[in-house]
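Engineer: Numbering (my numbering), first residue to last: 996 to 1492. Backbone N, C-alpha and C fix where the C-beta goes; we use that ideal spot for every residue, glycine too.
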């Protein structure tokens, strides 16, 4: 709306909270209406309710530290929800920390029961919880360092865009990869049975491999090429349709989008996939469909807490086809958090015990194995194995598919100082990515904006990276990088319109 000022028209600035413009009365009104119940609920009420439940756990130093982790991460999650800017990567970080490193371990501490056996003394659990808190503070230090950097400068070179013809090539490649994945496992119906049946079908599909490691690598490649390219195709096509009226008027683009969506429903559904991968799909698609909506951003983080606490525990009934444990009720609402796979703090304590048992720190060797995962063992005989598997074998557990959170990975490689420096770097990178995302999605709403798709995908995949092990996560990252390199161009004449 134009206003007259000294006889000259003046354009009113955009309404705050609608186009992502920070500050202003719109944002303040929303914050006042939601800040008090949100902060009281996440920072005080929920941790206190969990702590007040009856249980056999000791109310010792580890319990107090765990309560501090829950309160600190809850306060930072509230700051993300109430922020006027969409901080996708930071928001997913604090959502994971609040649930997996805060509330769930607090419930386990109250009940005195761990999802995975903790072999070491109580002092190792105390140290692990303290190091988790140190990592959270270090992450915030990295964010502050990024905030005081000079403003981003526009570079002379053209920004990365989606190549129009290569996008169609990626769509065809992704559909072929998913088709092979579906056929190898026996048809679409297998993907709606249970995760146990999916694992058994994968083992049968790669039964001809020479050894177990080759079979596991074959499983990872088959699943990776069957799920990652088709997800990227969906995100890129969605971005194209959301931002381009011309694309919506072309019948081919919506029809292909529907086909790709249907394939994603089969291969990336929550029944046959790990919950953190489904969160990656959900977060990346949600923020691609609504790239400018602060309300949707806040809603996603707020509902994420509810989904993780209420939906995730019941999703375990899809993990095994005939598991009587998942069919009985629980006497306490805390028990699903203690009986399921929120084992990150306990596994961190086991990593500390593993190092104290004579193995020590690996000084970057595990991280190098993660980065060079594609090197065959025939060329690298003492190539490091998965960190979670390595600690699980030392523990003597039957199931070695255990988590190895980023805290434990960094600590085992580089010690407490290296872990702290690592989280400073992670916080710095997250803040820079969020800052670039806000600027490039608001100032550059073009259909082929690669960064507008990459950051939501990274925010979603952050749940998997934080949970670990890193070696299991690198395969899908490698496939995603290959796909993005395929469709990226810097020439204006070949971009999406």
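My guess is that residue 1259 and residue 1232 are in contact by the Cβ rule of under 8 Å, so how many angstroms apart are they, rounded?
Structural biologist: At roughly 11 Å, the Cβ-Cβ gap does not stay under 8 Å, so residue 1259 and residue 1232 are not in contact.
Engineer: Between residue 1344 and residue 1090, is the Cβ-Cβ spacing less than 9 Å?
Structural biologist: no
Engineer: With burial defined as no fewer than 16 other Cβ atoms inside 10 Å of the residue's Cβ, what is the status of residue 1346: buried or exposed?
Structural biologist: buried
Engineer: Within a Cβ cutoff of 8 Å, which residues of the same chain sit near residue 1134, ignoring the five residues on either side of it in sequence?
Structural biologist: 1088, 1418, 1419, 1421, 1422 and 1425
Engineer: Beta carbon of residue 1482, beta carbon of residue 1161: below 9 Å?
Structural biologist: In contact: residue 1482 and residue 1161 (Cβ atoms closer than 9 Å).
Engineer: Quick one: is residue 1235 buried, meaning 16 or more other Cβ sit within 10 Å of its Cβ, or exposed?
Structural biologist: Residue 1235 should be labelled buried.
Engineer: Whole alpha helix (DSSP H) runs in the segment 1418-1466 with 4 or more residues, listed along the chain?
Structural biologist: 1446-1462
Engineer: Determine the closest residue to residue 1172 out of 1111, 1246 and 1262, with distance taken between C-alpha atoms.
Structural biologist: 1262
Engineer: Roughly how many angstroms lie between the CA atoms of residue 1069 and residue 1225, to the nearest whole one?
Structural biologist: 34 Å
Engineer: Does the beta carbon of residue 1486 sit closer than 9 Å to a beta carbon anywhere in chain B?
Structural biologist: As a matter of chain content, chain B is missing from the structure shown, which is built from one protein chain.
Engineer: Pick helix, strand or coil for residue 1356, following the three-state DSSP scheme.
Structural biologist: coil
Engineer: With a 10 Å radius around its C-beta and 16 neighbouring C-beta atoms as the bar for buried, classify residue 1444 as buried or exposed.
Structural biologist: buried
Engineer: Just to confirm before moving on: does the CB-CB distance between residue 1479 and residue 1450 stay below 9 Å?
Structural biologist: no
Engineer: Can you name, in chain order, every residue of its own chain whose Cβ lies under 8 Å from the Cβ of residue 1359, other than the five neighbours on each side?
Structural biologist: 1408 and 1409
Engineer: Please name the residue or residues paired with residue 1483 in a DSSP beta bridge.
Structural biologist: 1157
Engineer: Evaluate residue 1370 with the Cβ neighbour count: other Cβ atoms within 10 Å of its Cβ, from every protein chain shown; 16 or more gives buried, anything less gives exposed.
Structural biologist: exposed
Engineer: Give the C-beta separation of residue 1095 and residue 1462 to the nearest angstrom, bearing in mind that I take them to be a contact with Cβ-Cβ under 8 Å.
Structural biologist: 7 Å
Engineer: Among residues of its own chain, excluding the 5 on either side of residue 1120, which ones have a beta-carbon nearer than 7 Å to its beta-carbon?
Structural biologist: 1057, 1113 and 1344
Engineer: Please list the segments of the alpha helix (DSSP H) lying wholly inside the segment 1074-1116, counting only runs of 4 or more residues, in order along the chain.
Structural biologist: 1083-1093 and 1099-1106
Engineer: For residue 1144, which three-state DSSP category applies?
Structural biologist: coil
Engineer: Within 8 Å, do at least three Cβ pairs link the segment 1186-1196 to the segment 1270-1288?
Structural biologist: Judged by Cβ distances under 8 Å, the segment 1270-1288 makes no contact with the segment 1186-1196, as fewer than three pairs qualify.
Engineer: Counting only the same chain and skipping the five closest in sequence on each side, list residues whose C-beta sits under 6 Å from that of residue 1491.
Structural biologist: 1157, 1159, 1235, 1442 and 1443
Engineer: For residue 1109, does the count of other Cβ atoms within 10 angstroms reach 16, so buried, or fall short, so exposed?
Structural biologist: The residue is buried, with at least 16 neighbouring Cβ atoms inside 10 Å.
Engineer: How many Å lie between residue 1055 and residue 1166 at the Cα?
Structural biologist: 55 Å
Engineer: For the alpha helix (DSSP H) containing residue 1264, list its first residue and its last residue.
Structural biologist: First-last for residue 1264: undefined, no H or E at that position.
Engineer: For residue 1085 and residue 1377, which I take to be in contact (beta-carbon distance under 8 Å), what is that distance rounded to the nearest angstrom?
Structural biologist: So it is not a contact: roughly 38 Å between Cβ atoms.
Engineer: Classify residue 1376 as helix, strand or coil using the three-state DSSP reduction.
Structural biologist: coil
Engineer: Exposed or buried, which one is residue 1485 when buried takes at least 16 other CB atoms within 10 Å?
Structural biologist: Within 10 angstroms of the beta-carbon of residue 1485 lie fewer than 16 other beta-carbons, which makes it exposed.
Engineer: Answer with buried or exposed for residue 1301, where buried requires no fewer than 16 other C-beta atoms within 10 angstroms of its C-beta.
Structural biologist: Burial call: exposed.
Engineer: Which whole-angstrom value is the C-beta distance of residue 1340 and residue 1123, which I expect to be below 8 Å?
Structural biologist: 6 Å
Engineer: Tell me whether the beta-carbon of residue 1107 lies closer than 9 Å to the beta-carbon of residue 1050.
Structural biologist: For residue 1107 and residue 1050, yes; Cβs fall inside 9 Å.
Engineer: Between the alpha carbons of residue 1285 and residue 1291, how many angstroms are there, rounded?
Structural biologist: If I take the Cα positions, the gap works out to 7 Å.
Engineer: Between which two residues does the alpha helix (DSSP H) containing residue 1493 stretch?
Structural biologist: Look at the range of the chain in this structure, 996 to 1492, and you will see that residue 1493 is not part of it.
Engineer: Verify whether the separation of the beta carbon atoms of residue 1368 and residue 1470 is less than 9 Å.
Structural biologist: yes
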